[in-house]
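S.K.: Structure incoming, see below.
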Ligand SMILES: *Cc1c(COP(=O)(O)O)cnc(C)c1O
């Protein structure tokens, strides 16, 4: 069987069955059921946050956040992320304004944000890419100065902490994805986190068509998630530390075995930061080198992924092109290597050898 860039963690089947039995007994499958509520509660405790909504996926999370903050006009954003970061902006009829990334973490370059602000700018939507923190203090300062909202697409940041706080606790809103490929997953799923109670209340209503029983408040959407997905989350959450520790060990093995005379990797310069080992990206010397390595790994059924390609400022459906040379270069050369729970050391050695002998 092919080795993919990641393999979903699956919990003890008996434990999952125990939750499924409960669902059968109650006959309550979705619509803010008891397991959804329980998952929200344990996630709030685990993350140390107040207002958390469990939603259908990490993309609807961003869309609801944009809607609830009533954003219109230009949103400053990163070109180096998954396409959902940009498409959510477009879907909500706002205009993405790309600010290039810095070359250590590949996160949005906070020093370039101010010059991209215009009268139409309403918000900053940045990604903690690979789980490394954006310059949250600098971004907050700029947002205050220009009265902008801040949304973090924290889809990669579950389990990462900065200055003792979950990375999901920053910004006006942080969103996360609990998709099967992420460090913590609920098969499909995601969450929205915010500090403001009124905003939480608004997003709570948006999540369920904008009504509660017979009270119709607003135009809403279906952003709900089910009891079955919540059950998977309840099984996986107690395993998160173990999952992260196992991924850390695999990353350290790659660190030892890969040839760093030819490769680099994005890292956070922050000392007060705990990584979640969400990805293992390496930066090849050139796109040709990347394609060669990808081809050689493909021959033995190992499928790394080009996270993230293309640079989002080059998405074909954008009407304008604004150059982001650092991001474009990173996109051409970044390859995320297989990384998952309980990965065999011999597999990491095998992959590393192939890479080293083809660069
Ligand atoms: C996975 C991901 C998303 C989308 O999450 P879904 O749950 O798949 O909708 C959004 N942004 C980033 C950066 C992601 O990696």
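Numbering (our numbering), first residue to last: 48 to 406.
All C-beta atoms, glycine included, are put in the ideal place defined by N, C-alpha and C.
Owing to the predicted nature of the structure, the values given are computational and were not obtained by experimental measurement.
1. Tell me the rounded alpha-carbon separation between residue 291 and residue 387.
2. Measure the beta-carbon distance from residue 399 to residue 328 and round it to whole angstroms, keeping in mind my assumption that it falls under 8 Å.
3. In chain order, which continuous runs of the alpha helix (DSSP H) of length 4 or greater are located wholly inside the stretch 229-294?
4. Would you mind stating whether residue 178 and residue 198 have Cβ atoms separated by less than 8 Å?
5. Taking only runs that begin and end inside the stretch 102-177, name each unbroken beta strand (DSSP E) of 3 or more residues, in chain order.
6. For residue 79, which three-state DSSP category applies?
7. Please classify residue 265 as buried or exposed, where buried requires at least 16 neighbouring CB atoms within 10 angstroms.
8. Assuming residue 274 contacts residue 75 under a Cβ cut-off of 8 Å, what Cβ separation, rounded to an integer in Å, is found between them?
9. So the alpha helix (DSSP H) residue 96 belongs to, where does it begin and stop?
10. I need the straight-line Cα distance from residue 48 to residue 318, nearest angstrom please.
11. Quick check: is any heavy atom of ligand 1 less than 7 Å from the C-beta of residue 277?
12. Can you list, in chain order, the residues of its chain with a C-beta nearer than 8 Å to that of residue 410? Leave out the 5 residues immediately preceding and following it.
13. Return yes when the Cβ of residue 131 is within less than 8 Å of the Cβ of residue 146, no when it is not.
14. Starting from residue 344, trace the alpha helix (DSSP H) both ways and give me its first and last residue.
15. Just to confirm, is the Cβ distance from residue 63 to residue 207 under 8 Å?
16. What would DSSP say about residue 298, mapped onto helix, strand or coil?
17. Starting from residue 89, follow its DSSP beta bridges and name the residues at the other end.
18. Can you tell me the Cα-Cα spacing of residue 19 and residue 125, whole angstroms?
19. Does residue 220 come out as helix, strand or coil in the three-state DSSP assignment?
20. If you draw a straight line from the alpha carbon of residue 60 to that of residue 246, how long is it in whole angstroms?
21. Tell me where the alpha helix (DSSP H) around residue 401 begins and ends.
22. Residues in the same chain with beta-carbon distance under 6 Å from residue 183, minus the five sequence neighbours each way, listed in chain order, please.
23. To the nearest angstrom, how far is it from the Cα of residue 296 to the Cα of residue 314?
24. Can the beta-carbon of residue 167 be found less than 8 Å from the beta-carbon of residue 118?
25. Mind checking whether residue 225 and residue 241 have CB atoms under 8 Å apart?
26. According to DSSP, is residue 199 part of a helix, a strand, or is it coil?
M.R.: Taking the coordinates as given:
1. Taking the first residue of the chain shown as 1, we reach residue 291 at position 244. Taking the first residue of the chain shown as 1, we reach residue 387 at position 340. Going by the C-alpha atoms only, they are around 9 Å apart.
2. Here the question's residue 399 lines up with position 352 in the chain shown. Here the question's residue 328 lines up with position 281 in the chain shown. Incorrect: roughly 14 Å between the Cβ atoms, too far for contact.
3. 244-254, 274-283
4. The sequence position of residue 178 within the chain shown is 131, counting from 1. The sequence position of residue 198 within the chain shown is 151, counting from 1. No. Outside cutoff.
5. 121-124, 142-145, 168-174
6. Your numbering for residue 79 matches position 32 in the chain shown. Looking at residue 79 - three-state DSSP - the assignment turns out to be coil, as it is neither helix nor strand.
7. Residue numbering aside, residue 265 sits at position 218 when the chain shown is read from its first letter. Exposed is the call here.
8. One-based indexing of the chain shown puts residue 274 at position 227. One-based indexing of the chain shown puts residue 75 at position 28. So it is a contact: roughly 6 Å between Cβ atoms.
9. Position 49 of the chain shown, counted from the first residue, corresponds to residue 96. Taken as a continuous stretch (DSSP letters only), residue 96 belongs to no alpha helix (DSSP H), as it is neither H nor E.
10. In the chain shown, the residue the question calls residue 48 occupies position 1. In the chain shown, the residue the question calls residue 318 occupies position 271. The straight-line gap from Cα to Cα measures roughly 39 Å.
11. For the purposes of this step, residue 277 is taken as the residue at position 230 of the chain shown. Residue 277 Cβ: outside cutoff for every heavy atom of ligand 1.
12. Here the chain covers residues 48 to 406 and nothing more, so residue 410 does not appear.
13. Taking the chain shown and counting its residues from 1, one reaches residue 146 at position 99. Taking the chain shown and counting its residues from 1, one reaches residue 131 at position 84. No, they are not a contact pair.
14. Position 297 of the chain shown, counted from the first residue, corresponds to residue 344. Counting along the chain, the alpha helix (DSSP H) containing residue 344 begins and ends at 334-346.
15. For the purposes of this step, residue 63 is identified with residue 16 of the chain shown, where counting begins at 1. For the purposes of this step, residue 207 is identified with residue 160 of the chain shown, where counting begins at 1. Contact: no.
16. Position 251 of the chain shown, counting from 1, holds the residue named residue 298. Residue 298: helix per DSSP, three-state reduction.
17. Within the chain shown, the letter at position 42 stands for residue 89. Per DSSP, none; premise fails for residue 89.
18. Outside the shown range of the chain (48 to 406) lies residue 19, about which nothing can therefore be said.
19. Indexing the chain shown from 1 puts residue 220 at position 173. The answer is strand: DSSP assigns residue 220 an E or B state.
20. Indexing the chain shown from 1 puts residue 60 at position 13. Indexing the chain shown from 1 puts residue 246 at position 199. One C-alpha to the other measures close to 37 Å.
21. As a working mapping, residue 401 is identified with position 354 in the chain shown. First-last of the alpha helix (DSSP H) with residue 401: 392-403.
22. By 1-based counting over the chain shown, the position of residue 183 is 136. For residue 183, where only same-chain residues beyond five positions count, the Cβ hits under 6 Å are 217.
23. The residue labelled residue 296 in the question sits at position 249 within the chain shown. The residue labelled residue 314 in the question sits at position 267 within the chain shown. Their backbone Cα atoms lie some 16 Å apart in a straight line.
24. Reading the chain shown from its first residue, position 120 is the one you call residue 167. Reading the chain shown from its first residue, position 71 is the one you call residue 118. No; because the gap between Cβ atoms is not below 8 Å, this pair is not in contact.
25. If you number the chain shown from 1, residue 225 lands on position 178. If you number the chain shown from 1, residue 241 lands on position 194. No, Cβ-Cβ distance for residue 225 and residue 241 is not below 8 Å.
26. Here the question's residue 199 lines up with position 152 in the chain shown. In this structure, residue 199 counts as strand in the three-state DSSP scheme.
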